[in-house]
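A short write-up of the structure that comes next.
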Amino acid sequence: MQPPVRHFAIVALRKAGALRFLSHLDYARALDRAIRRARLPVKYSEGFNPSAQISFASALPVGVGGERELCQIELERPLNADEVLRALAPQLPDDLAVVDVRVVSGRQRRHLSGLERADYEIELSPDPDLGMNLLEDAVGAFLDAGTWPVLRETRSGTREVDIRPGVHELHAITPGSGGGGPRLQMSLALQQDSLVKPSEVVEALRRLIADRTQGRVGVDVARVTRLGMH
Amino acid sequence: MLPDHLLHQVQAPARYIGGEVNQVLKPDDVPFRVALCYPDTYEVGMSHAGLRVLYEVVSRRSDAACERVFLPWTDAIALMRAHDLPLAGLESGTPLAEFDLVGITLQHELTFTNVLEVLDLGGIPVRAADRHGPHPLVIGGGPCAFNPEPLAHFFDCFVIGDGEEALDELLDALAALPESLRTRAGRTDEARRDVLERLAQLDGVYVPAGYDACESAEGLLIPEPRDDRFPARVTRRVVRDLNAQPWPLAPVIPHTEAVHDRAEIEITRGCTRGCRFCQAGMIYRPARERDLDLLVEQAERIIDHTGYDELSLLSLNCPDYTRIGELIDALHQRLAPRRVSVGMPSARVDTFSVGLAERLQRVRKSGLTLAPEAGSQRMRDIINKDVTAEDLLAAARAAFRSGWQRLKLYFMIGLPRETDEDVLAIGHLIASVLSAAREELSRAAWGRLKLNVSVNTFIPKPHTPFQWLGLADRQTLERRYALLRAAITDRRVSLSLSGIDAGILEAALARGDRRLGAVIESAWRAGAIFDGWRECFEPGRWHAAFAEHGLELNACASRLLPVEARLPWDIIHAGIAREFLAAELDRARRGEPTPDCRAARCADCGMRALVPDCPPITWPRAEAGA
Chain A
1 MQPPVRHFAI
11 VALRKAGALR
21 FLSHLDYARA
31 LDRAIRRARL
41 PVKYSEGFNP
51 SAQISFASAL
61 PVGVGGEREL
71 CQIELERPLN
81 ADEVLRALAP
91 QLPDDLAVVD
101 VRVVSGRQRR
111 HLSGLERADY
121 EIELSPDPDL
131 GMNLLEDAVG
141 AFLDAGTWPV
151 LRETRSGTRE
161 VDIRPGVHEL
171 HAITPGSGGG
181 GPRLQMSLAL
191 QQDSLVKPSE
201 VVEALRRLIA
211 DRTQGRVGVD
221 VARVTRLGMH
Chain B
1 MLPDHLLHQV
11 QAPARYIGGE
21 VNQVLKPDDV
31 PFRVALCYPD
41 TYEVGMSHAG
51 LRVLYEVVSR
61 RSDAACERVF
71 LPWTDAIALM
81 RAHDLPLAGL
91 ESGTPLAEFD
101 LVGITLQHEL
111 TFTNVLEVLD
121 LGGIPVRAAD
131 RHGPHPLVIG
141 GGPCAFNPEP
151 LAHFFDCFVI
161 GDGEEALDEL
171 LDALAALPES
181 LRTRAGRTDE
191 ARRDVLERLA
201 QLDGVYVPAG
211 YDACESAEGL
221 LIPEPRDDRF
231 PARVTRRVVR
241 DLNAQPWPLA
251 PVIPHTEAVH
261 DRAEIEITRG
271 CTRGCRFCQA
281 GMIYRPARER
291 DLDLLVEQAE
301 RIIDHTGYDE
311 LSLLSLNCPD
321 YTRIGELIDA
331 LHQRLAPRRV
341 SVGMPSARVD
351 TFSVGLAERL
361 QRVRKSGLTL
371 APEAGSQRMR
381 DIINKDVTAE
391 DLLAAARAAF
401 RSGWQRLKLY
411 FMIGLPRETD
421 EDVLAIGHLI
431 ASVLSAAREE
441 LSRAAWGRLK
451 LNVSVNTFIP
461 KPHTPFQWLG
471 LADRQTLERR
481 YALLRAAITD
491 RRVSLSLSGI
501 DAGILEAALA
511 RGDRRLGAVI
521 ESAWRAGAIF
531 DGWRECFEPG
541 RWHAAFAEHG
551 LELNACASRL
561 LPVEARLPWD
571 IIHAGIAREF
581 LAAELDRARR
591 GEPTPDCRAA
601 RCADCGMRAL
611 VPDCPPITWP
621 RAEAGA
């Protein structure tokens, strides 16, 4: 028997400003309530405690912003993207704004599980000792390394993981004219088996820079933003 | 309040960022800036309905802005102190010291040190006497303001009773003041005193600086007015018609999950069941209701504006609402299609209430709570809890038959004239509930059965018939808790017992006089904060603070007061006549019941002097216990 046709809205949201300090759970709850205020015809699960069928691409850590955070909302009936946008946008605060909406109908149940990479931008705090040459040198050394083992805490204890294969791109960018420090842009693996966290890449660069300056120069992160997932 | 780099260093940073959906922002130039503070964490404070109502009262005025203030957790406090950052309003980040009014709600004695921390962290001198002209006026309210004396040193004034009309009147009175008194900037100390004297003329406002604390024959400090500008007694404010009072239809939605995170409508206020231990049942009389149609309308609007999927009915006793069955059905009809579940926090111990709970929980079934309060009939007669063991068993059977496998039961120990046998009776009662469950439940459901039994220490509170009695002494409490633990061994029962030390402190603070101000300040200076949180509460600090001022904590908690003595909280007239409280204490001694005046005749509690048409609600049915 063929699975039924389902209707989804795939919504991209911008999580910015102070609202990047919402935990993933708080963010999910905020979105759930906004969807209810918008009175979108959301599909609910069966059973004793029905819940709205909303799922997310990947949780952001507390304090990290997102330019295009994705969620899928299953609808009772098909709507066009503009209808979803017009209903939902006024219900969200400025720092949790809808970027765009697309709708999809079909037999597929999961539309966000195929995402492989996440792009991040990390702004560092300005530091006269942390020049672009030093930063670029550290970035180069990291990219040249064949492996980069890090220790990860898991439920079953500490485990060694090689993050190097999961770092697809890494660049250092000169500070913009509007002040602020240098930035790092990176494209990191998102799939469970090869996932890399931006904080792990920063830690690697911190060690490389410490090695090059006898521990004199540190790396202080001002802001982390996930630019998108694809 | 905290810059980004510090937000990264604290637990649950969303507590400190503001900008929630439905917060009300006003232009910078509004004449009055009012901070409303719940002196505990964001999650606790954002759960409090009273604060939301007052936020609505202030925000809807064109001349005032209202902001929320909570006490940051200890990690954030340490960072704020290290970086010299003041406590500020969540809406605009304005430091607390720059508000015109700082209103602090006093819901529990174990938040008293938090009050001092809030003021100090906000840059306001903790003692009212140390404040100058431009400092904000610090105003207290809530149930603990019914004995304001322990906090008298720290507040400029207290508003006693229902706050909706009183706060509006207070702001009106300030708005009518001449410029030199009204404007904070440049106000002289003398002008500040003048403002407070004028506020003391308002009904329900107590200005402690206008009263000298004089020692009575019993050694209690009794406030006496300095002169005739200060009333001999301050009478509690009572709103007559709840329908005419504002209710927030678009409440601020907390960022991070609050203790009670749901839509709420207040169906009744006050209760005249007359449980003799219950302060709320004495100080919020008479029982008043909102109209059914208005409640249904409010519920729908709140859901529209919040997107909550849960609605809770607020009342001291939901089943006492005159048309409760109709209300539940009307709410269910409107809200079930929107997948909103309706819950009732308190259920009376009878089958009628269990039937109501069953009708309520058609969308989602949560737990059911029953509060028999005491184990033996003798004890329930003493406290005037109109419930029998048969009622409880019938209610429990009905609940099990309706499919509940989780039941919460509330009891108290340390009640007046209690014996060890009365405590053991709690064990017997639980055993009978278990046998009832075994008979009613299927084998599988019996296997899943969970009884959560919560036992609290009875604390004598001002303005109740037990106000003259002391807390049971420590050895007695320890023995009775141990007896209870030994008597209840079934693995289906999970027993949650309140801490004895916290109860002793609560009792000492609840019936304290003005001497306790110095004790509270000493404890706070020694590091006491979040005393209501087990991980922060250290009894040793409090014993030392009491000793430093020549007092003994246990003795203060257990002190028996003569019925004829003048009491520190007599300055507040809650509406209940002292003769009634004394007569109730006598009836308790004889184990005589006092029926609810809504169903029987007036019990002469004294409220008629305040509310001529009291009781505003009577029940046509013989008794609602049907």
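Taken in sequence, the protein lines are chains A and B.
If you're matching positions, the first sequence starts at 1 in the numbering used here and goes up one per residue.
If you're matching positions, the second sequence starts at 1 in the numbering used here and goes up one per residue.
Idealized CB from N, CA, C, for every residue including glycine.
**Report entry** Residue range of the unbroken alpha helix (DSSP H) whose run includes Pro-539/B
**Finding:** 539-548
Report task. Report yes or no: is there a C-beta of chain A within less than 9 Å of the C-beta of Glu-43/B? Result -> no
Query - Below-9 Å beta-carbon distance, Thr-322/B vs any chain A residue - result: Closer than 9 Å: no.
Query raised in the report: Under 9 Å between C-beta atoms, does Gly-17/A make it to chain B?
Result: yes
Query raised in the report: Within 8 Å: the Cβ of Val-423/B and any heavy atom of the ligand NAD?
Result: With respect to small molecules bound, the structure shown includes none, and the ligand NAD cannot be examined in it.
Query raised in the report: In terms of residues, what are the limits of the alpha helix (DSSP H) holding Ala-263/B?
Result: Where Ala-263/B is concerned, there is no enclosing alpha helix (DSSP H), although the beta strand (DSSP E) it sits in stretches over 263-266.
Query raised in the report: Within 9 Å (strictly less), CB to CB, does Ala-97/A reach chain B?
Result: no
Query raised in the report: Quick one, which residues of the segment 78-96 of chain B are near chain A if we go by CB-CB under 8 Å, in chain order?
Result: Cβ contacts with chain A: none found.
Query raised in the report: Of all the residues that make up the segment 12-32 of chain B, which are near chain A by a beta-carbon distance shorter than 7 Å?
Result: Pro-13, Ala-14, Ile-17, Gly-19 and Val-21
**Report entry** Cβ shell of Glu-43/B (< 6 Å), same chain only, five flanking positions each side left out
**Finding:** Ala-258 and Val-259
**Report entry** CB contact check: Ile-122/A to chain B, cutoff 9 Å
**Finding:** no
Report task. With DSSP as the reference, label Tyr-308/B as helix, strand or coil. Result -> coil
Query raised in the report: In chain A, which residues lie less than 9 Å from Tyr-308/B when you measure between Cβ atoms?
Result: Arg-33 and Arg-36
Requested in this report: Determine, using beta carbons only, whether Ala-222/A comes closer than 9 Å to chain B.
Outcome: At least one chain B Cβ lies under 9 Å of Ala-222/A.
Query raised in the report: Within the 9 Å Cβ cut-off, does Val-62/A reach chain B?
Result: yes
Query raised in the report: Once you ignore the five residues that flank Asn-317/B on each side, which residues in its own chain have a CB closer than 8 Å to its CB?
Result: When the five nearest sequence neighbours on each side are left out, the beta carbons in the same chain lying within less than 8 Å of the beta carbon of Asn-317/B are those of Thr-268, Cys-271, Arg-273, Ser-346 and Arg-348, in order along the chain.
Query raised in the report: Would you call the segment 23-42 of chain B and the segment 13-29 of chain A touching, i.e. three or more CB-CB distances under 8 Å?
Result: no
Requested in this report: Under 9 Å between beta-carbons, which chain A residues line up against His-8/B? List them in chain order, please.
Outcome: By Cβ distance, chain A contributes Phe-21, Val-62, Gly-63 and Val-221.
**Report entry** Candidates Glu-169/B, Arg-334/B, Leu-469/B and Ile-283/B: closest to His-573/B by CA position
**Finding:** Ile-283/B
Query - Chain-ordered chain B contacts of Asp-127/A [CB-CB under 7 Å] - result: Under the 7 Å cutoff, chain B gives no residues; its nearest Cβ is about 14 Å from Asp-127/A.
**Report entry** Assigned secondary structure, Pro-128/A (DSSP; H/G/I helix, E/B strand, else coil)
**Finding:** coil
**Report entry** Cβ of Glu-257/B within 9 Å of any chain A Cβ
**Finding:** yes
Requested in this report: Could you tell me the distance, in whole angstroms, from the CA atom of Ala-472/B to the CA atom of Pro-416/B?
Outcome: 8 Å
Requested in this report: Over the uninterrupted beta strand (DSSP E) stretch that includes Thr-154/A, give me the two end residues.
Outcome: 149-154
Requested in this report: Could you check if Leu-64/A is buried or exposed, using at least 16 other CB atoms within 10 Å of its CB as the buried criterion?
Outcome: The question names Leu, but residue 64/A is Val in the sequence shown. A buried status is given to Val-64/A, since no fewer than 16 other beta-carbon atoms sit within 10 Å of its beta-carbon.
Report task. Within the segment 54-132 of chain A, note down every full beta strand (DSSP E) run reaching 3 residues or more, in order along the chain. Result -> 54-56, 65-75, 96-106 and 117-124
Query raised in the report: Quick one, are the C-beta atoms of Arg-111/B and Gly-532/B less than 9 Å apart?
Result: One detail in the question is off: residue 111/B reads as Thr in this sequence, not Arg. Going by C-beta atoms, Thr-111/B is nearer than 9 Å to Gly-532/B.
Query raised in the report: Which residues in the same chain have their Cβ closer than 7 Å to the Cβ of Ser-45/A, if we skip the five residues on either side of it in sequence?
Result: Ser-51 and Gln-53
Requested in this report: For Leu-220/B, count neighbouring C-beta atoms within 10 Å of its own C-beta (all shown protein chains included) and say buried if the count is 16 or more, exposed if not.
Outcome: With 16 or more other CB atoms across the displayed protein chains lying within 10 angstroms of its CB, Leu-220/B is buried.
Query raised in the report: In chain order, what residues of the same chain have a beta carbon less than 8 Å from the beta carbon of Arg-223/A, not counting five sequence neighbours either side?
Result: Gly-65, Ile-122 and Glu-123
Requested in this report: Indicate the three-state DSSP secondary structure (helix, strand or coil) for Glu-623/B in the structure shown.
Outcome: Any reading at Glu-623/B must be qualified, since the residue scores a pLDDT of 46, below 50, and its modelled position is unreliable; the value itself is stated next. When secondary structure is reduced to three states using DSSP, Glu-623/B falls in the coil class, being assigned neither helix nor strand.
Query - One or two residues paired with Asn-456/B in a DSSP bridge - result: Under the DSSP definition of a beta bridge, Asn-456/B partners with Met-412/B.
**Report entry** chain E contacts made by the segment 331-344 of chain B, where a contact means CB separation under 7 Å
**Finding:** Structure shown: chain E not included; protein chains present are A and B.
Requested in this report: Could you tell me which chain B residues have their CB closer than 7 Å to the CB of Pro-182/A, listed as they occur along the chain?
Outcome: Within chain B, no residue comes near Pro-182/A; the closest Cβ sits about 17 Å away, beyond 7 Å.
Requested in this report: Would you mind sorting Arg-491/B into buried or exposed? The rule is 16 or more other CB atoms within 10 Å of its CB.
Outcome: It is exposed - the Cβ of Arg-491/B has fewer than 16 other Cβ atoms within 10 Å.
Requested in this report: Enumerate in chain order the residues of its own chain whose CB-to-CB distance from Gly-625/B is below 6 Å, with the five nearest sequence positions on each side excluded.
Outcome: Annotation note: pLDDT 44 at Gly-625/B (below 50); position unreliable, no value reported.
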